[in-house]
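Here is the structure we will look at.
Numbering (this note's numbering), first residue to last: 19 to 407.
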């Protein structure tokens, strides 16, 4: 595949469920991230050919979220747009689809990313289309139905994390320790302003939100240990070692390496590999292990060759199991914290971890990185990038 590079990588702050971004739609958040990415790329919006945006909880968002974001960010009406849903992997799959469009000659410059407003997800009133003549009516939580529950078993995603913890022997202490590590690293990153290069502030009236809301400076081992199991009686997965329910968006601008060089455009990173795969949905969180192994094989690399890894921390149980079994050194993994602290806005997370990875590599003068997520339904997607010298 012809070389494709990343001109810019931006994200909004990640808001808590019902927090500072709770009034903002997925379209609004996505437009903020997209506008920031286009500005940072130093390209005219009208020269962007396509927009490919991940979004999971699409109900009540209007037709084609990506098209709304594209036009809101100034893309020409002659451009095209596609919204995709691969659950947690949506934002990273969007990157791959944008890369493919460029490599196949269908586009020169593509806006990619993901967005999610979990706080505005509606409840559904099923079976009302033809009227309801008698008796009570029940509502369905759209967030659970379409985002946080396994479509095959009906169980919450946290139950699949319990399955991973049991099958791959990750105890409560290991999960809580990993969660604490995530918060400590995220808080430290905020203290040194490590996210400054990637963040695009969100303005709501007279308020400007500039920081991620979820990292907890006061979290400690004792507080985490006191939390009760959230998904299974006698289990080990708690609210403290699970990712949160969040709002946010991320966006990147892609173009061909040849076009970047011809126009003397500076680029942040080059896309150098991709892999995806599936696993039993009941242990979906373990899927990145095999997919990262496949990506390493495809790129002729080993864990030792990769400078940094960004693994989406859906749950500590799966994060610990995957990192341990791949042999990823702690110093290379989620160096600025992960979703356990920062949050997991479903459709945005794939793009968010790639944005964070790119800026973490550049800040440290490092070159090679891998971003990967587990995906509801038993899948994983992973992307490799290289920072230019």
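By construction, the Cβ of each residue, glycine as well, lies at the ideal position given by its N, Cα and C atoms. Bear in mind that the values here come from a model prediction, so they are computed numbers and not experimental data.
- For residue 201, count neighbouring C-beta atoms within 10 Å of its own C-beta (all shown protein chains included) and say buried if the count is 16 or more, exposed if not. buried
For the putative contact between residue 71 and residue 112, defined by C-beta atoms under 8 Å, what is the C-beta separation to the nearest angstrom? 6 Å
Checklist line | DSSP three-state assignment for residue 220, whether helix, strand or coil | finding: strand
3-residue-minimum beta strand (DSSP E) runs that sit fully inside the stretch 66-91, ordered along the chain:
68-72
ask   = Which value, in whole angstroms, describes the spacing of the CA atoms of residue 148 and residue 175?
value = 32 Å
Can you give the Cα-Cα distance for residue 275 and residue 22, rounded to whole angstroms? 5 Å
| Just the Cα atoms here: how many angstroms apart are residue 181 and residue 187? | 10 Å
Notebook entry, point to check: Taking C-beta to C-beta, are residue 75 and residue 164 nearer than 7 Å?
Noted result: yes
- Task: Taking 7 Å as the cut-off, decide whether the C-beta atoms of residue 32 and residue 361 are in contact.
- Result: yes
Opening and closing residue of the beta strand (DSSP E) in which residue 23 lies: 22-29
Open item on the list: Less than 7 Å between the C-beta atoms of residue 134 and residue 366, yes or no?
Closed with: yes
**Whole-Å CB distance - residue 106 paired with residue 332, under 8 Å assumed** = 7 Å
So, are the CB atoms of residue 69 and residue 94 less than 7 Å apart? no
Exposed or buried, which one is residue 315 when buried takes at least 16 other CB atoms within 10 Å? exposed
- To which residues does DSSP link residue 264 through a beta bridge? 34
Item to complete: With DSSP collapsed to three states, give me the class of residue 417.
Response: A query on residue 417 cannot be resolved here, the shown segment of the chain reaching from 19 to 407 and no further.
Whole-Å CB distance - residue 127 paired with residue 41, under 8 Å assumed: Contact doesn't hold; Cβ gap of about 32 Å is too wide.
Would a C-beta distance cut-off of 7 Å place residue 399 and residue 110 closer than the cut-off? yes
Discussion item. Measuring only the C-alpha atoms, how far is residue 296 from residue 169?
Written reply: 15 Å
Return helix, strand or coil for residue 400, following the three-state DSSP convention. strand
At what residues does the alpha helix (DSSP H) containing residue 364 begin and finish? 364-382
Q) Which class does residue 159 belong to by DSSP, given the choice of helix, strand or coil? A) strand
### Query
Measuring CA to CA, which of 271, 335 and 157 is closest to residue 184?
335
Item to complete: Write down the C-beta distance between residue 299 and residue 395 rounded to the nearest angstrom, noting that I regard them as a contact closer than 8 Å.
Response: 5 Å
- Query: Would you report the Cα separation of residue 179 and residue 283, rounded to the nearest angstrom?
  - Reply: 43 Å
Q) How many whole angstroms separate the CB atoms of residue 286 and residue 326, which I take to be in contact at a CB cut-off of 8 Å? A) Not quite, the Cβ-Cβ distance comes to about 14 Å (not below 8 Å), so this is no contact.
| Chain-order list of residues whose beta-carbon lies under 6 Å from that of residue 343 (same chain, five-residue window excluded) | 307
Through-space distance from residue 214 to residue 156, alpha-carbon basis
45 Å
Beta carbon of residue 232, beta carbon of residue 262: below 7 Å? yes
Exercise. Between the C-alpha atoms of residue 26 and residue 377, what's the straight-line distance to the nearest angstrom?
Worked result: 10 Å
**Study point:** Supposed close pair residue 267, residue 356 - CB separation, criterion 8 Å
**Key:** The pair is not a contact, with the Cβ atoms about 18 Å apart (cut-off 8 Å).
| field | Cβ-based neighbour list, residue 374, same chain, cut-off 7 Å, excluding 5 preceding and 5 following | value | 216, 328 and 354
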